[in-house]
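Here's the structure we're looking at; comments come further down.
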Amino acid sequence: MAMTMHVDIVSAEEEIFSGPAEMVFASGVMGELGILPRHAPLLTQLKPGEVRIRKEGGEEEIYWISGGMLEIQPHVVTVLADTAVRARDLDEKAAIEAKERAERALADKTSEFEYAKAQAELAEAVAQLQAIKKLRERARRS
Amino acid sequence: MAVGKEIRGKINSIKNTQKITRAMEMVAASKMRKAQDRMRASRPYADKMRNVVGHLANAHPEYRHGYMQEREVKRLGIIVISSDRGLCGGLNTNLFKAVVATMKEWHDKRVEIDLCTIGNKAGTFFSRLGGNIVAQAAHLGDRPQIADLIGTVKVMLDAYEEGRIDRLLVAYNEFVNTMTQRPRVEQLLPIKATEEEELKHHWDYIYEPEAKDVLDALLMRYIESLVYQGVVENLACEQAARMVAMKAASDNAGTLIEELQLIYNKARQAAITQEISEIVSGAAAV
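Heads up: the sequence lines are chains A and B, in that order.
Residues 1 to 142 (this note's numbering) are what the first sequence spells out, left to right.
Residues 1001 to 1286 (this note's numbering) are what the second sequence spells out, left to right.
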């Protein structure tokens, strides 16, 4: 029987594959990778493309991922798949948008955070909640 | 029967409110189950990520990443994760209380604070009170996606890399169980190395292409996944808190209706008694 290793494909939002495999094919940024058990530890980025898994018995499964990271340990292969299309300028754009949202929401940006006011307001809200709770308990007892 | 009519109107209006709160309770219950599933689904990624980063910390890489180096704190970044909507009891209030306490603590040490808010409630709360919000995200909906967070997290990571902030915290509600949610403030950067694993022998990964590029990409995703986890966990908390709050509201409406019903019955009985006594006394007078 051929040697196998454990393969996990996970994305931040879900687990995609987990199980033993004889061989894994993936497209790293430096080129195609064919991984067999007892591979040296390796860490690389993946290009958008397919990850092919040859399971025990030669059956193959193909997953398409939009990039990610690949970690190889002698008996464990982990694919950390991205769920979003990543590129430096795309990330940059998203960051700028997030900043703009903050700026829009904030009329005067330089103002100091008002600790006293914040604490007073929060204390009031908590007191309200507690008052409601007490009222309920009293209602239940009567 | 003027009094009776008024009370009946009130009972009806409370009944309508009760219908709404009961519906909200059921919606929250089903959404909570889905949110919990999502929370569970996102765990393997974060666990695997933690493993890899743990390996890294022990692998003696030739390149030490800035995210792993401790430095003196002059400015602090906090990512606050809240819900988008209210009607979920004291969930957001408790979280903000914890955040404000942390902020005050650092403020007393003369550390300035940059905020990044995720969710409507945090945005309005902190902008109203005049915090320095540098990035914002809201309306993530019931199915938050990593793509919605990339920008906000990047603003903070860039600030850390450029030395504008020296430490990054994240604040969210931790899902203990349906009845209990606990506000939690955690350190994201610098990454604390796990010391539990012993260094058995010196080894390192082969990096393709370069250690720096790979680590940059990996650690960025690591932080993003932690923030994402916070968002999903907070979402499960929100639904659980809403479910409990709406259940309480429905119960309250029930007791109110019972009380009003009693008053209504008494008033009706009093009116009937009065009518009878009027007829009887009228008949006696003839």
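Think of the CB as a built atom: it goes at the ideal place given N, C-alpha and C, for glycine as much as any other residue.
Residues within the stretch 113-134 of chain A neighbouring chain B, beta-carbon criterion of under 7 angstroms
Phe113, Glu114, Tyr115, Lys117, Ala118, Gln119, Leu122, Ala125, Val126, Leu129
Drop a sphere of 10 angstroms on the beta-carbon of Asn1016 (chain B), count the other beta-carbons inside from all chains shown, and report buried for 16 or more, exposed for fewer.
By 1-based counting over the second sequence, the position of residue 1016 (chain B) is 16. Looking at its Cβ environment, which holds fewer than 16 other Cβ atoms inside 10 Å, Asn1016 (chain B) is exposed.
Within 10 angstroms of its Cβ, does Glu22 (chain A) collect 16 or more other Cβ (buried), or is it exposed?
Taking the first sequence and counting its residues from 1, one reaches residue 22 (chain A) at position 22. Glu22 (chain A) comes out buried.
In or out: Glu137 (chain A) buried (at least 16 other Cβ within 10 Å) or exposed?
For the purposes of this step, residue 137 (chain A) is taken as residue 137 along the first sequence, with counting starting at 1. Under this definition Glu137 (chain A) is an exposed residue.
Which residues share a DSSP beta bridge with Arg54 (chain A)?
Mapped onto the first sequence, residue 54 (chain A) falls at position 54. Answer is A:Met23, A:Glu60.
Which two residues bound the contiguous alpha helix (DSSP H) that contains Ser1225 (chain B)?
For the purposes of this step, residue 1225 (chain B) is taken as residue 225 along the second sequence, with counting starting at 1. Here the alpha helix (DSSP H) through Ser1225 (chain B) covers 1211-1285.
DSSP has Gly49 (chain A) in a bridge; who is on the other side?
Sequence index remark: in the first sequence, residue 49 (chain A) carries index 49 (1-based). In the DSSP output, where bridge partners are listed per residue, Gly49 (chain A) has A:Ile65.
Listing by chain order, which chain A residues have their CB less than 9 angstroms from the CB of Leu1218 (chain B)?
The residue labelled residue 1218 (chain B) in the question sits at position 218 within the second sequence. Within chain A, the residues near Leu1218 (chain B) are Leu43, Gln45, Met69, Glu71, Leu80.
Is Arg1075 (chain B) close to chain A, meaning its C-beta is less than 8 angstroms from at least one C-beta of that chain?
Indexing the second sequence from 1 puts residue 1075 (chain B) at position 75. Output row for Arg1075 (chain B): interface = no.
Evaluate Glu1275 (chain B) with the Cβ neighbour count: other Cβ atoms within 10 Å of its Cβ, from every protein chain shown; 16 or more gives buried, anything less gives exposed.
Within the second sequence, the letter at position 275 stands for residue 1275 (chain B). So Glu1275 (chain B) counts as exposed.
Nearest to Ala102 (chain A) by CA position, among B:Asp1084, B:Ala1135, B:Trp1203, B:Met1246, is which residue?
As a position in the first sequence, residue 102 (chain A) is number 102, starting the count at 1. Selected option, being the one with the closest Cα: B:Ala1135.
Please state the DSSP three-state secondary structure of Glu1162 (chain B).
On the second sequence, residue 1162 (chain B) is found 162 positions in, with the first residue counted as 1. Note: Glu1162 (chain B) maps to coil in three-state DSSP.
Smallest Cα separation from Asp89 (chain A): which of B:Gly1123, B:His1055, B:Met1179, B:Ile1150?
Counting from 1 along the first sequence, the entry for residue 89 (chain A) is found at position 89. It is B:Ile1150.
Selection from A:Gly49, A:Lys55, A:Ala125, A:Glu92 that minimises the alpha carbon distance to Val29 (chain A)
For this step, residue 29 (chain A) is matched to residue 29 along the first sequence. Comparing Cα-Cα distances from Val29 (chain A) to each of A:Gly49, A:Lys55, A:Ala125, A:Glu92, the minimum goes to A:Gly49.
Using Cβ-Cβ distances below 9 angstroms, what residues of the stretch 30-41 of chain A are close to chain B?
Met30, Gly31, Leu33, Ala40, Pro41
Local conformation of Glu100 (chain A) per DSSP, three classes:
Here residue 100 (chain A) is taken as the residue at index 100 of the first sequence, counted from 1. Helix, per DSSP.
So what does DSSP say about Leu1189 (chain B), is it helix, strand or coil?
By one-based count along the second sequence, residue 1189 (chain B) stands at place 189. Strand.
Cutoff 8 angstroms; reference Gly1004 (chain B); Cβ partners in own chain excluding five residues on either side:
Sequence index remark: in the second sequence, residue 1004 (chain B) carries index 4 (1-based). Answer for Gly1004 (chain B): Tyr1264, Ala1267, Arg1268, Ala1271, listed in chain order.
Taking 8 angstroms as the CB-CB cut-off, is Gly19 (chain A) touching chain B?
On the first sequence, position 19 is the one that residue 19 (chain A) refers to. Not one chain B Cβ lies under 8 angstroms of Gly19 (chain A).
Three-state secondary structure assigned by DSSP to Thr1117 (chain B)
The count along the second sequence starts at 1 and reaches residue 1117 (chain B) at position 117. Thr1117 (chain B) falls in the strand class under three-state DSSP.
Within chain A, the residues that Phe1316 (chain B) reaches when beta carbons sit closer than 8 angstroms:
Because chain B in this structure spans residues 1001 to 1286, residue 1316 (chain B) falls outside the shown range and cannot be described.
Under DSSP, the alpha helix (DSSP H) around Asp1108 (chain B) begins and ends at which residues?
The sequence position of residue 1108 (chain B) within the second sequence is 108, counting from 1. Element bounds for Asp1108 (chain B): 1091-1108.
If we cut at 8 angstroms on Cβ distances, does Gln1145 (chain B) have a partner in chain A?
On the second sequence, residue 1145 (chain B) is found 145 positions in, with the first residue counted as 1. Yes, Gln1145 (chain B) counts as interfacial toward chain A.
How would you write the range of the alpha helix (DSSP H) that Arg1075 (chain B) sits in, first residue to last?
Position 75 of the second sequence, counted from the first residue, corresponds to residue 1075 (chain B). Premise fails: Arg1075 (chain B) lies in the beta strand (DSSP E), 1075-1081, not in any alpha helix (DSSP H).
Suppose the cutoff is 6 angstroms on Cβ atoms and the five residues either side in sequence are ignored; what does the same chain contact list for Ile1191 (chain B) look like?
Translated into positions along the second sequence, residue 1191 (chain B) becomes position 191. These residues qualify, in order along the chain: Tyr1067, Met1068.
Give me, in chain order, the residues of the same chain whose beta-carbon lies closer than 8 angstroms to that of Arg1184 (chain B); leave out the 5 immediate sequence neighbours on both sides.
The residue labelled residue 1184 (chain B) in the question sits at position 184 within the second sequence. Within the same chain, Arg1184 (chain B) has close Cβ partners Ala1098, Ala1171, Tyr1172, Asn1173, Glu1174.
Which first and last residues belong to the alpha helix (DSSP H) in which Glu121 (chain A) is found?
Your numbering for residue 121 (chain A) matches position 121 in the first sequence. Looking at the DSSP string, the run of the alpha helix (DSSP H) that includes Glu121 (chain A) is 115-141.
Using a Cβ cut-off of 9 angstroms, which residues of the stretch 1129-1140 of chain B contact any Cβ in chain A, in chain order?
Leu1129, Gly1130, Gly1131, Asn1132, Ile1133, Val1134, Ala1135, Gln1136, Ala1137, Ala1138
Reducing DSSP to helix, strand and coil, say where Arg1033 (chain B) ends up.
The residue you call residue 1033 (chain B) lines up with position 33 of the second sequence. Note: Arg1033 (chain B) maps to helix in three-state DSSP.
Less than 8 angstroms between the beta carbons of Val10 (chain A) and Lys1048 (chain B), yes or no?
Walking along the first sequence from the start, residue 10 (chain A) turns up at place 10. Walking along the second sequence from the start, residue 1048 (chain B) turns up at place 48. In this structure, Lys1048 (chain B) lies closer than 8 angstroms to Val10 (chain A) by Cβ.
Am I right that Ile65 (chain A) and Asp82 (chain A) are in contact with their C-beta atoms under 8 angstroms? What's the rounded C-beta distance?
Within the first sequence, numbered from 1, the residue matching residue 65 (chain A) stands at position 65. Within the first sequence, numbered from 1, the residue matching residue 82 (chain A) stands at position 82. With a Cβ gap of about 7 angstroms, Ile65 (chain A) and Asp82 (chain A) count as contacting.
Indicate whether Arg1071 (chain B) and Asp1114 (chain B) have their beta-carbon atoms separated by less than 8 angstroms.
Counting from one through the second sequence, the residue named residue 1071 (chain B) turns up at place 71. Counting from one through the second sequence, the residue named residue 1114 (chain B) turns up at place 114. Result no, Cβ atoms of Arg1071 (chain B) and Asp1114 (chain B) do not sit closer than 8 angstroms.
Quick check on this structure: which residue in A:Gln45, A:His75, A:Ile53 has the alpha carbon closest to the alpha carbon of Ala1211 (chain B)?
For the purposes of this step, residue 1211 (chain B) is taken as residue 211 along the second sequence, with counting starting at 1. Checking every option, the nearest Cα to that of Ala1211 (chain B) belongs to A:Gln45.
For Val7 (chain A), count neighbouring C-beta atoms within 10 Å of its own C-beta (all shown protein chains included) and say buried if the count is 16 or more, exposed if not.
Taking the first residue of the first sequence as 1, we reach residue 7 (chain A) at position 7. Counting Cβ neighbours within 10 Å, Val7 (chain A) comes out buried, since at least 16 surround it.
Compare the Cα-Cα distances from Arg1022 (chain B) to each of B:Ala1284, B:Thr1255, B:Asp1251 and report the closest residue.
Translated into the one-based positions of the second sequence, residue 1022 (chain B) becomes position 22. Of the listed residues, the one whose Cα sits closest to Arg1022 (chain B) is B:Asp1251.
Start and end of the beta strand (DSSP E) containing Gln1136 (chain B)?
For the purposes of this step, residue 1136 (chain B) is identified with residue 136 of the second sequence, where counting begins at 1. First-last of the beta strand (DSSP E) with Gln1136 (chain B): 1133-1137.
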